[in-house]
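Visitor: Just dropping this structure here.
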Amino acid sequence: MRKIFLKFTMVLALACGLLAAGCKTTQVLDTLGAIQVGGIGISETQLTSLKKTARAMERAFTDITPEQEYYLGRAVAAELLAKYPASDDQEAVRYLNLIGQSLAGFSDRPETFGGYHFLLTSDEGINAFAAPGGLILVSRGMLRCCRDEDMVAAVLAHEIGHVQQKHGLQAIRKNRLSSAFSLMATEGAKQMGTPALAELTSVFEGSIHDVTATLVDSGYSRAFEREADAVALTLLARAGYDPGALLAMLAEMKGRLTPKGLDFAKTHPDPAERIKELSPLLDDLASGSGKELRRQRFQRALARI
Amino acid sequence: MGRTRIALIFLLFFLASSAVLAAGGWRSVSVRQGALRLSPMPFGKIVASLPYGERVEILAEQGVWFKVREESQGLQGWMHGASLLDRKLTLRPGETVGPAASEDELALGGKGFNAQVEASYRAGGRRVDYASVDRMEGINVHADEQRLFLRQGGLLAGEEERP
């Protein structure tokens, strides 16, 4: 019995070593299964059990899959839209999507599982939210700060930055995910019925809460906002918009945000600070041209905002 | 016994490392509609749209773009590297992680947040507006309309027409 345990430990240690070296544990164990299992003296049952343990470990090391990010994002957006109702201004929404897609196409993550989609919310506060996976909401109050298409693009580019960098997913408490992973790794996972589904749903709810609470109440860290701003400048420049529009937008917001506001005033760093940090980055970017070409369609699409 | 064990450990390391190297040749599409483009650039003409989990063979690499051949029909084109995963995905979207799922599907396909979990979450009576989310996902910009928007706005439209 002790001998079997020793062998078991040895194989597990070997699997850990390979995992640390960047190999996929399951791949290693499949290899193990492929060569004569009897040769190193562990039974089929033990190998199965070993595979499960290793798989649970592997899950803890990998990211949330694109499909799971999609379902999380849908739920986050569904909660946000219950709080901030969608506007039915179809022309404005169409315009937002054209600008948004123009920018997303130039991002380092041009496609997501369900794609990027943009919607206008009817609230007067200065707000914009990015749910994981690319569902982006912009408030009417935010659009009212924009004097041209480039400023709208600056807002969307910042939100695409949060999606590209997966900031939303990083707001989920790590212990929630590890409990989901271990749940999936248990013996019961094979017959995942009502209790397992209920537990997984509760982990899902908790994860949604973590993301929405961050978006609506606490805000991201300064580092994440800085990262999204930097991505925004890059996207604006790549697409041919004026990167300076982000600074113009921040200056406009600075004048409009009220100190005790429940919108960007609460969840984002002071615009003046963001401007100070971004200014040096602008020097290396082309200033963009053709604003005049975009003026007419901006006025037409957002006239009723 | 001792020698057999050492030999086996060496064999294992060899097999594992060669498996990882070989895995570089194939990737899986990690998005629901992965654009297979004629040229390696944003808004390049779309040859086909590949589904989540589709296996593609890597033929060439150019910056963030990969020239690939898809498995089912042998179509070739360029895909952005961010839309590809270097592991196999066995679960297709919409399939549930229920009693029918095999152990391997669980391991490779999903950690559990899927349509089944969404349905269970929605049944919980929370204040959510999924109707607007569905409407939002239904907004799609056609490639031609997108190119026209870029061109008319004096924006960089890629150079998809270049031979």
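Residue numbers (the working numbering), protein chains in the order written: chain A, 195 to 499; chain B, -13 to 149.
The beta carbon of each residue, even a glycine, is placed where N, CA and C say it ideally should be.
All values reported here derive from a predicted model rather than from experimental measurement.
Buried or exposed for B/HIS128, please, with buried defined as at least 16 other CB atoms from any protein chain shown within 10 angstroms of its CB.
Guide: In the second sequence, residue 128 of chain B corresponds to position 142, counting from 1. B/HIS128 should be labelled exposed.
Visitor: Of all Cβ atoms in chain A, is any one closer than 8 Å to the Cβ of B/GLN48?
Guide: The residue labelled residue 48 of chain B in the question sits at position 62 within the second sequence. It does not: the Cβ of B/GLN48 has no partner Cβ on chain A nearer than 8 Å.
Visitor: By DSSP, does A/PHE418 sit in helix, in strand, or in coil?
Guide: Taking the first residue of the first sequence as 1, we reach residue 418 of chain A at position 224. If DSSP states are grouped into helix, strand and coil, A/PHE418 belongs with the helices.
Visitor: Cβ closer than 7 Å: which chain A residues qualify as neighbours of B/HIS128?
Guide: The sequence position of residue 128 of chain B within the second sequence is 142, counting from 1. Within 7 Å Cβ-Cβ: nothing; B/HIS128 doesn't reach chain A, min ~10 Å.
Visitor: Thinking C-beta only, is A/VAL332 closer than 8 Å to A/VAL357?
Guide: The count along the first sequence starts at 1 and reaches residue 357 of chain A at position 163. The count along the first sequence starts at 1 and reaches residue 332 of chain A at position 138. No, they are not a contact pair.
Visitor: Should A/ASN291 be counted as a contact of the ligand NAD given a C-beta to heavy atom distance under 7 Å?
Guide: Although the ligand NAD was asked about, the structure shown includes no ligands whatsoever.
Visitor: Do three or more CB pairs link the region 411 to 422 of chain A to the region 271 to 281 of chain A at distances below 8 Å?
Guide: The region 411 to 422 of chain A vs the region 271 to 281 of chain A: no contact.
Visitor: Which residue marks the beginning of the alpha helix (DSSP H) containing A/ARG338, and which one marks its end?
Guide: Residue numbering aside, residue 338 of chain A sits at position 144 when the first sequence is read from its first letter. No alpha helix (DSSP H) holds A/ARG338; DSSP gives it neither H nor E.
Visitor: Can you give the beta carbon distance from B/VAL17 to B/SER69, rounded, assuming they're within the 8 Å contact cut?
Guide: Walking along the second sequence from the start, residue 17 of chain B turns up at place 31. Walking along the second sequence from the start, residue 69 of chain B turns up at place 83. Yes, B/VAL17 and B/SER69 are in contact; Cβ-Cβ is about 5 Å, under 8 Å.
Visitor: Do you know how far the Cα of B/GLY39 is from the Cα of A/ASP457?
Guide: By one-based count along the first sequence, residue 457 of chain A stands at place 263. By one-based count along the second sequence, residue 39 of chain B stands at place 53. Between A/ASP457 and B/GLY39, the C-alpha separation is close to 39 Å.
Visitor: Considering only the beta carbon of each residue, do A/LEU292 and A/LEU314 sit closer than 8 Å?
Guide: Counted from its first residue, the first sequence places residue 292 of chain A at position 98. Counted from its first residue, the first sequence places residue 314 of chain A at position 120. Cβ distance not < 8 Å, so A/LEU292 and A/LEU314 don't count as in contact.
Visitor: Please decide whether B/PHE14 counts as near chain A, where near means a Cβ-Cβ distance under 8 Å.
Guide: Position 28 of the second sequence holds residue 14 of chain B. In the sequence as presented, Phe is not what sits at residue 14 of chain B; that position holds Ser. Not an interface residue.
Visitor: Output yes if chain A places a C-beta closer than 8 Å to the C-beta of B/GLY96; else output no.
Guide: Position 110 of the second sequence, counted from the first residue, corresponds to residue 96 of chain B. Note that B/GLY96 scores a pLDDT of 49, beneath 50, so its modelled location is shaky; the value from the coordinates is reported in the next line. Judged by the 8 Å Cβ criterion, B/GLY96 is in contact with chain A.
Visitor: In whole angstroms, give me the CA-to-CA distance for A/ASP282 and A/HIS311.
Guide: For this step, residue 282 of chain A is matched to residue 88 along the first sequence. For this step, residue 311 of chain A is matched to residue 117 along the first sequence. Taking the straight line joining both Cα atoms gives about 15 Å.
Visitor: Keeping to the same chain, check which residues put their C-beta closer than 8 Å to that of A/SER481; ignore five residues upstream and five downstream.
Guide: Taking the first sequence and counting its residues from 1, the one referred to as residue 481 of chain A is at position 287. Contacts found: ASP436, PRO437, GLY438.
Visitor: Give the DSSP-derived three-state secondary structure of A/SER316 in the structure shown.
Guide: In the first sequence, the residue the question calls residue 316 of chain A occupies position 122. Of the three classes helix, strand and coil, the one that applies to A/SER316 here is coil, per DSSP.
Visitor: Beta-carbon of B/VAL114 versus every beta-carbon of chain A: anything under 8 Å?
Guide: What you label residue 114 of chain B is simply residue 128 of the second sequence in a count that begins at 1. By this cut-off, B/VAL114 is an interface position.
Visitor: I'd like the span of the beta strand (DSSP E) that includes B/GLU47, first residue to last.
Guide: For the purposes of this step, residue 47 of chain B is taken as residue 61 along the second sequence, with counting starting at 1. Note, B/GLU47: beta strand (DSSP E), 41 to 48.
Visitor: Beta-carbon within less than 6 Å of A/GLU318's beta-carbon, same chain only, minus the 5 sequence neighbours each way: which residues are those?
Guide: Along the first sequence, one-based indexing puts residue 318 of chain A at 124. GLY335.
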